[in-house]
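Chemist:
Chains as they are written, first to last, in UniProt numbering: chain A, 1 to 403; chain B, 1 to 403.
(1) Within its chain, find whatever has a CB closer than 7 Å to the CB of residue 321 (chain B); leave out the 5 residues flanking it on each side and keep chain order.
(2) Where residue 65 (chain B) and residue 246 (chain A) are concerned, what is the direct C-alpha to C-alpha distance, given to the nearest angstrom?
(3) Give a yes or no on whether 8 Å exceeds the smallest Cβ distance from residue 17 (chain B) to chain A.
(4) On the three-state DSSP scale, how would you describe residue 204 (chain B)?
(5) Can you check whether the C-beta of residue 265 (chain B) is within less than 8 Å of a C-beta belonging to chain A?
(6) Could you tell me the distance, in whole angstroms, from the CA atom of residue 391 (chain B) to the CA atom of residue 286 (chain B)?
(7) Assuming residue 376 (chain A) is part of the beta strand (DSSP E), what are its boundary residues?
(8) Identify the contact partners of residue 108 (chain A) in chain B, using a Cβ-Cβ distance below 7 Å as the criterion.
(9) For residue 278 (chain A) and residue 166 (chain A), I'd like the C-alpha separation in whole angstroms.
(10) When you compare the CB of residue 186 (chain A) with every CB in chain B, is at least one pair closer than 8 Å?
(11) Leaving out the 5 sequence neighbours to the left and right, which residues in its chain are closer than 7 Å to residue 366 (chain A) when beta-carbon positions are compared?
(12) Just mark residue 319 (chain A) as buried or exposed, buried being the case when its beta carbon has 16 or more other beta carbons within 10 Å.
(13) If we require 3 or more residues per run, which beta strand (DSSP E) segments fall completely within the segment 318–343 of chain A?
(14) Give me the residue from B:21, B:198, B:353 and B:127 with the minimum Cα distance to residue 185 (chain B).
(15) Nearest to residue 268 (chain A) by CA position, among A:101, A:345, A:124 and A:344, is which residue?
(16) Spell out a yes or no on whether the segment 44–53 of chain B and the segment 280–299 of chain B are touching, meaning 3 or more CB-CB pairs, one atom from each, closer than 8 Å.
(17) From the beta carbon of residue 331 (chain B), is the nearest beta carbon of chain A less than 8 Å away?
(18) Do we get a CB-CB distance below 8 Å when we pair residue 29 (chain B) with the residues of chain A?
(19) Run through chain A and tell me which residues come within less than 7 Å of residue 104 (chain B), C-beta to C-beta.
(20) Among the residues of its own chain, which have a CB less than 6 Å from the CB of residue 196 (chain A), if the five just before and after it don't count?
(21) In its own chain, which residues sit with a C-beta less than 6 Å from the C-beta of residue 85 (chain A), not counting the 5 before and 5 after it?
(22) What three-state label does DSSP hand residue 315 (chain B) in the structure shown?
(23) Residue ranges of each beta strand (DSSP E) run of no fewer than 3 residues wholly in the segment 150–234 of chain B, ordered along the chain?
(24) Taking only beta-carbon atoms, is residue 276 (chain B) less than 8 Å away from chain A?
(25) Under 7 Å: does the beta carbon of residue 169 (chain B) sit that close to some heavy atom of the ligand HEM?
(26) DSSP three-state label for residue 123 (chain A), please.
(27) Could you pull out every unbroken beta strand (DSSP E) segment of at least 3 residues lying fully inside the segment 46–109 of chain B, listed in chain order?
(28) Within a Cβ cutoff of 7 Å, which residues of the same chain sit near residue 394 (chain B), ignoring the five residues on either side of it in sequence?
(29) Using a Cβ cut-off of 8 Å, pull out every chain A residue sitting near residue 60 (chain B), in sequence order please.
(30) Please return the same chain residues whose Cβ sits closer than 6 Å to the Cβ of residue 229 (chain A), not counting the five positions on each side in sequence.
(31) Could you work out which residues of chain B lie near residue 307 (chain A), taking near to mean beta carbons separated by less than 7 Å?
(32) Please go through the same chain and pick out, in chain order, the residues whose beta-carbon is closer than 6 Å to the beta-carbon of residue 306 (chain B), but skip the five residues on each side of it.
(33) Rounded to the nearest angstrom, what separates residue 193 (chain B) and residue 222 (chain B) at their Cα positions?
(34) Opposite residue 147 (chain B) in the DSSP bridges: which residues?
(35) Please state if the CB of residue 48 (chain B) and the CB of residue 69 (chain A) are separated by a distance shorter than 8 Å.
(36) In its own chain, which residues sit with a C-beta less than 6 Å from the C-beta of residue 1 (chain B), not counting the 5 before and 5 after it?
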């Protein structure tokens with residue numbers, strides 16, 4: 001029997017929200033730039049050197065030997081109890097394990113939050129710029145996303161209050177990534193954090209705090225989370241992707257007890273539960289204080305790589321009127337091209353010279369800065385960083401003086 | 001610093017869809033019935049005896065040894081290419097691997113389909129009764145769910161056409177589980193399948209075909225899938241949960257190429273990708289025709305267990321005016337209590353006697369049959385099946401003649 005042998009007009013009607021779903025600009029760029037020989041500062045991937053492969057191999061064997069059938073069976077939607085307890089215990093405020101929901105990566109936390117808090121047309125506030133993956137996770141729930149003015153210290157709390165709105169227009173929450181933000185690498189200052197939670201509490205605006213990078217500090221830990229200051233007004237998203245490995249897809253949501261039942265029901269409807277096997281593997285790896293030994297090695301590596309990129313920028317961009325910041329941790333730094341130059345237009349020229357980045361425009365909910373671009377310093381080697389930054393400088397130079 | 005030290009009214013406004021999210025009736029029942037000593041026919045869990053723990057242990061070690069860093073890294077949203085190729089190759093119609101999307105369990109396939117195809121108020125058609133998890137997955141997109149009359153052979157195609165509706169009311173799809181259905185255990189006949197796809201094609205109604213149990217036949221394979229007969233008009237959902245293990249949370253969607261990009265974007269927004277490690281483990285386990293050796297052992301076990309339950313029902317329910325069906329595969333059978341009796345009211349009495357089941361009412365989008373109940377024959381041992389069915393019969397007997 002041939003397929004498609006039944007005569008039929010196209011029967012598919014897509015949901016309205018499908019119009020808002022678009023391929024990730026970044027994934028499209030990554031495809032272009034994954035040619036052999038390209039030095040890529042574009043990806044948001046942690047360095048695979050940091051993955052504790054041996055610890056995982058031991059943990060897998062141990063879990064399957066001692067608890068294999070439970071690890072391979074259906075499990076509770078909340079997540080594996082010992083892992084939830086470990087997460088609650090290591091957070092720097094008083095968290096009941098009942099407030100911890102294990103998610104399939106912290107991306108899923110964003111999906112669940114969107115389902116539970118966003119109606120079609122609901123206002124949602126974000127930083128300028130903000131994490132692209134959050135914009136994508138929220139989009140299917142059809143929010144009106146509004147950018148709040150932000151500077152090197154974080155969101156402007158007066159603009160936040162102005163944009164919160166009233167009545168039916170009132171924002172459902174502010175999504176904020178205070179530590180070593182993706183894409184800018186910036187960290188919200190202590191003063192700004194305190195001002196933000198106080199203002200949010202005063203105006204009754206919930207905060208959704210995303211913290212995938214907080215453990216990746218270089219010299220000192222960032223100020224404590226927003227949620228630690230105001231747990232009843234915040235949902236907190238955490239991840240094992242940057243401190244262990246992203247390929248296991250494990251993150252978590254910490255929510256006020258009043259919100260938890262709805263997040264849990266959304267979780268159950270979304271994928272029943274996150275893989276029981278992976279949860280047990282991670283609990284097994286973590287149990288003897290593994291992260292306290294392992295994470296400092298990631299910090300040291302990323303600090304060296306960041307320093308190499310800052311060195312290379314200083315040397316290679318001399319006289320080019322290019323600006324950049326100096327992150328205190330994380331994986332990214334943020335570059336601003338000379339006036340009149342466009343990062344989107346620069347990209348193909350840079351790829352011709354053997355180097356790739358992500359134009360900053362991808363990270364704005366509205367009014368992108370055409371001069372901005374994101375560089376990741378964690379995947380390329382120190383040697384590649386020097387070569388890649390030199391190539392980028394050459395592309396900028398040629399763009400400034402064409403011909 | 002004390003938590004909650006900031007004065008603040010409850011700031012949380014839930015999305016309208018959150019009202020439709022409810023705890024799973026089944027999970028609530030399972031909590032009540034998970035007391036020690038209760039023989040449970042309530043769960044929908046595969047028998048852990050069937051999990052190939054040793055094969056997984058070998059596969060884990062192999063994957064981490066040869067491909068560990070890629071297995072632990074971020075990966076493409078589509079899924080691991082070799083696994084997609086294996087899935088396409090084993091399906092009984094012509095499938096391009098580009099049409100296969102790996103999902104975090106087939107439950108996630110339902111979530112993605114709902115996001116891409118359901119607007120608030122969209123009509124969605126389901127069998128009577130239907131899989132509860134599908135109703136839960138669809139609920140956040142706020143459909144109007146309409147039950148299509150169904151008999152032992154499957155959906156009534158005339159009622160289907162009547163209920164498809166016109167214009168803006170027109171149904172977006174029919175969700176259908178043709179093989180050893182959850183909850184009834186029934187299988188759609190060859191004639192009904194052909195009638196259904198022909199009618200669906202004629203009226204331009206898409207079908208969403210869910211097939212988690214199709215490989216678990218007792219004596220002969222079920223008729224070929226609806227999608228094999230009409231690939232352009234169907235989305236097909238498959239799962240590794242029942243043939244390997246559910247704790248890895250791996251399923252897949254096969255969709256027409258026109259629909260694939262939107263499903264992929266919804267997937268990316270939902271959790272970026274399913275765990276790379278788990279996908280490689282499964283591909284490693286599958287590669288030498290493992291399922292051809294393994295699945296027959298599951299079939300044989302479930303066939304014996306089903307036969308034991310049918311035997312026990314025949315013996316214990318004699319004279320009680322109870323009806324049941326005789327499934328050709330899968331995990332469940334469907335029982336109908338005597339007229340006037342309610343499965344919901346029977347449950348606590350049955351639990352008192354040491355046996356649990358799921359009242360059928362949970363599985364109806366509307367107008368539940370109060371007399372129906374679902375029994376799983378896969379988790380309890382043959383001995384427990386006899387004891388449990390005897391206890392159930394005793395509970396029915398006492399319910400019929402109270403006092």
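Think of the CB as a built atom: it goes at the ideal place given N, C-alpha and C, for glycine as much as any other residue.
Modeler: Looking at the coordinates:
(1) 338
(2) 18 Å
(3) yes
(4) coil
(5) yes
(6) 41 Å
(7) 372–376
(8) 270 and 271
(9) 43 Å
(10) no
(11) 147
(12) exposed
(13) 332–336
(14) B:127
(15) A:101
(16) yes
(17) no
(18) no
(19) 104 and 271
(20) 157
(21) 97
(22) helix
(23) 173–176 and 207–210
(24) yes
(25) Absence of the ligand HEM from the depicted structure is noted, as is the absence of any ligand whatsoever, leaving it without description.
(26) strand
(27) 100–103
(28) 353
(29) 57, 60, 61 and 64
(30) 197
(31) Ordered by position in chain B, no residue passes the 7 Å Cβ test against residue 307 (chain A), which lies about 24 Å from the chain.
(32) 377
(33) 11 Å
(34) B:126
(35) yes
(36) In this prediction, residue 1 (chain B) has a pLDDT of 38, which is less than 50 and means its spatial position is unreliable; what the coordinates show is noted afterwards. Excluding positions up to five away in sequence, the list is empty.
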